[in-house]
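In what follows, a single structure is set out as structure tokens and then discussed.
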Amino acid sequence: MIVYFIGTGGSEGIPVHLCSCPTCSEARKFGFTQRKPSTLAVIGENGEIILFDVGTDIREHLNAPLNAIFLTHWHHDHIYGIYKLRWTAMETKLYAPKGHADALILNDPKNLKPEIIEPWKEIRIGRISVTALKLNHQIETFGYYIEEDGKGIALLYDTKGLPQETWEFLAEKAPIRLAIVDATYPPGFEDPYHNNVDEAANIGIKIAERTILSHISHKNLPFLQLVRYVKGRWGNKVLVAYDGMVFYV
Ligand SMILES: [Zn+2]
Ligand SMILES: [Zn+2]
Ligand SMILES: [Zn+2]
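Mapping of the sequence shown onto numbering that gives the first Met the number 0: residues 0 to 248, in sequence order.
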């Protein structure tokens with residue numbers, strides 16, 4: 000599988016309009032440190048394309064038929080792009096949790112075919128299986144366990160830690176190839192709904208060979224400083240996501 004990180008930011012994206020914090024200032028200097036809200040594609044060995052969250056308009060990044068779209072939750076930074084994408088010329092299945100579902104998208108989905116799903120249910124898309132996991136967030140939120148040919152990826156945002164049932168599910172599969180984990184905030188920052196960098200890395204290294212930190216806010220360390228911190232602590236086991244990053248599993 001190929002994992003394509005189209006958007007790796009928190010709700011606000013980086014740089015934030017008119018913000019002069021170190022992270023946003025750096026992002027005006029170096030384009031590669033800019034971040035769009037969460038949008039991720041997984042491309043299977045047979046070419047299936049599955050989109051996880053649509054935090055941005057995807058047309059410039061992924062202009063191809065989608066075999067399915069999965070939403071982690073209905074916070075706006077994970078669904079903006081759907082308002083446009085629903086005009087897609089190809090009927091496309093949209094799987095999502097029930098909590099706080101967006102009425103406009105459910106009542107007028109145009110060419111999307113929404114289906115509310117339950118955690119722990121496995122859905123097959125070609126040769127890829129996708130299982131919804133429970134996460135800890137303000138509203139009902141799913142992580143996803145994605146597997147093809149015995150190779151597993153855990154997508155774990157938005158969350159603070161993991162519920163016990165999700166730990167148990169992932170412990171049975173461990174070590175999986177890749178964990179992609181919510182690392183919204185800088186080391187030492189406490190928030191009830193999102194991890195900081197250390198919390199995120201510690202989740203990943205318990206279950207996966209490699210961890211990629213994503214859903215990164217402008218309140219986090221500037222990109223270059225963050226990369227230095229993460230590499231210094233965890234070497235190549237933990238990486239910092241960036242928009243446009245591609246990872247082969
Ligand atoms: Zn979010
Ligand atoms: Zn800022
Ligand atoms: Zn959220």
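The beta carbon of each residue, even a glycine, is placed where N, CA and C say it ideally should be.
Decide if residue i is buried, meaning its Cβ has at least 16 other Cβ atoms within 10 Å, or exposed.
i	result
Glu44	exposed
Val41	buried
Tyr247	exposed
Phe0	Reading off the sequence, residue 0 comes out as Met, not Phe. Buried: at least 16 other Cβ atoms inside 10 Å.
Leu134	buried
Pro21	exposed
Glu189	exposed
Arg249	In this structure the chain extends from 0 to 248, so residue 249 is not present and cannot be described.
Asn194	buried
Gly30	exposed
Asn66	buried
Lys159	buried
Val245	exposed
Asp254	With the chain running from 0 to 248 in the structure shown, residue 254 is simply not present.
Arg232	exposed
Trp73	buried
Leu132	buried
Ser19	exposed
Asp181	buried
Gly187	exposed
His217	buried
Which residues bound the beta strand (DSSP E) around residue i?
i	result
Pro96	Neither: Pro96 is in no beta strand (DSSP E) and is coded neither H nor E.
Arg123	121-124
Thr210	207-213
Gly43	Looking at the DSSP string, Gly43 is not in any beta strand (DSSP E), and its letter there is neither H nor E.
Lys150	150-155
Thr130	127-133
Glu114	111-115
Ala178	175-181
Leu238	237-239
Gly6	1-6
Ile145	141-147
Compute the beta-carbon to beta-carbon distance between residue i and residue j, rounded to the nearest angstrom, for a pair I have assumed lies under 8 Å.
i	j	result
Ile104	Ile81	6 Å
Ala199	Ala153	About 12 Å separates the two Cβ atoms, so there is no contact after all.
Gly8	Arg34	3 Å
Lys97	Ile115	5 Å
Tyr192	Asp157	7 Å
Ile127	Ile49	7 Å
Arg209	Leu161	About 18 Å; that fails the 8 Å criterion.
Thr38	Gly12	Between Gly12 and Thr38 the Cβ distance is about 11 Å, and since that is not below 8 Å, they are no contact.
Between which two residues does the alpha helix (DSSP H) carrying residue i extend?
i	result
Ala170	163-172
Arg227	222-233
Tyr82	81-84
Helix, strand or coil for residue i, going by three-state DSSP, please let me know.
i	result
Ala26	helix
Asp101	coil
Ala67	strand
Gly54	coil
Phe246	strand
Phe188	coil
Pro36	strand
Asn219	coil
Glu198	helix
Ile204	helix
### Query
Which residues have a Cβ closer than 5 Å to any heavy atom of ligand 3, listed in chain order?
Any residue whose Cβ sits closer than 5 Å to a heavy atom of ligand 3 makes the list: His74, Asp157.
### Beta carbon nearer than 5 Å to a non-hydrogen atom of ligand 2
Taking each Cβ in turn, the ones that pass are Val15, Cys18, Cys20, Cys23, His217.
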